[in-house]
Amino acid sequence: MSPAKKSHTLDLSAFPTGTVAEYSTLVCLACLFDLFTNQFGLAPRTAYSEIKRYAPTIEELTAPQAVRPFFDSEEKNPHCPYCDAAKRWHARLDTYRIEGGKSTDVARRALSKSLPTKDNQFQFIESKFDRRTLFFDWLDTQR
Numbered sequence: 001m002s003p004a005k006k007s008h009t010l011d012l013s014a015f016p017t018g019t020v021a022e023y024s025t026l027v028c029l030a031c032l033f034d035l036f037t038n039q040f041g042l043a044p045r046t047a048y049s050e051i052k053r054y055a056p057t058i059e060e061l062t063a064p065q066a067v068r069p070f071f072d073s074e075e076k077n078p079h080c081p082y083c084d085a086a087k088r089w090h091a092r093l094d095t096y097r098i099e100g101g102k103s104t105d106v107a108r109r110a111l112s113k114s115l116p117t118k119d120n121q122f123q124f125i126e127s128k129f130d131r132r133t134l135f136f137d138w139l140d141t142q143r
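Going by the numbering used here, the sequence shown opens with residue 1, and the numbers climb by one from there.
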């Protein structure tokens, strides 16, 4: 594997149990390309540039039901349920939600400093929630 293609595994063992939630979803690049070229009327080269700059929102990545161009699949060689594109057109996006607090601050800062910054492979997005919202989100995961 070339150095540019190495995946960086995250060591989340420093965080207390229950403070880290993992979400994984697939995005169909063929659907995105179709959206940018046919719906928005962009030229193929411009669409490619826009896809590279695209940063999905937290809601898109952590939604219980994925919507186009995102989808969830447990298959080894998944196909897009919307356009039937093959695996080579899919990108897997792993999202980790770390609950903030005194018990996780030091570990969170150490993790952010240890991650590579080249090619924007990792992105930190901070969002504020009140305790009630967090509680009901946790209840939803218990179903």
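Positions of the beta carbon are idealized from the N, C-alpha and C atoms, including for glycine.
Where DSSP assigns a beta bridge to residue i, which residues make up the other side?
i	result
A43	The partner list for A43 (beta bridge, DSSP) is empty, contrary to what the question assumes.
D94	S24
Nearest-angstrom Cα distance between residue i and residue j?
i	j	result
D72	R53	22 Å
S127	N77	34 Å
A63	F124	18 Å
D119	K113	15 Å
R109	Q121	17 Å
Excluding the 5 residues flanking residue i on each side, which residues of the same chain have their C-beta closer than 6 Å to its C-beta?
i	result
R92	L26
L12	V20
Tell me which residues share the same chain as residue i and place their Cβ nearer than 8 Å to its Cβ, disregarding the 5 neighbours each side in the sequence.
i	result
K101	Sequence check: residue 101 is Gly here, not Lys. Closer than 8 Å at the Cβ level, and outside the excluded window around G101, lie T19.
C31	R68, P69, C80, Y82, C83, A85
L42	F36, E50
T141	A21
To which residues of the same chain is residue i closer than 7 Å at the C-beta, ignoring the five residues directly before and after it?
i	result
I15	Strictly speaking, residue 15 in this sequence is Phe, with Ile absent from that position. Here the set comprises I98, T104, A107.
A144	Residue numbering for the chain in the displayed model covers 1 to 143; residue 144 lies beyond these limits and cannot be assessed.
K5	Because the pLDDT of K5 is 48, which lies under 50, any placement of that residue in the model is unreliable, and the number read from its coordinates should be weighed accordingly. Taken in chain order, the list of residues that qualify is empty.
K87	N77, P78
A55	Q123
Suppose only complete runs of 4+ residues qualify. What are the alpha helix (DSSP H) ranges in the segment 104-131, listed by chain order?
Listed in chain order, the complete alpha helix (DSSP H) runs (minimum 4 residues) inside the segment 104-131 are 105-114.
Three or more C-beta pairs under 8 Å: does that hold for the segment 17-25 against the segment 92-101?
Flag = yes, the segment 17-25 and the segment 92-101 touch.
Segments assigned alpha helix (DSSP H), at least 4 residues, entirely inside the segment 14-89:
List check, alpha helix (DSSP H) in window: 29-34, 44-53, 58-62.
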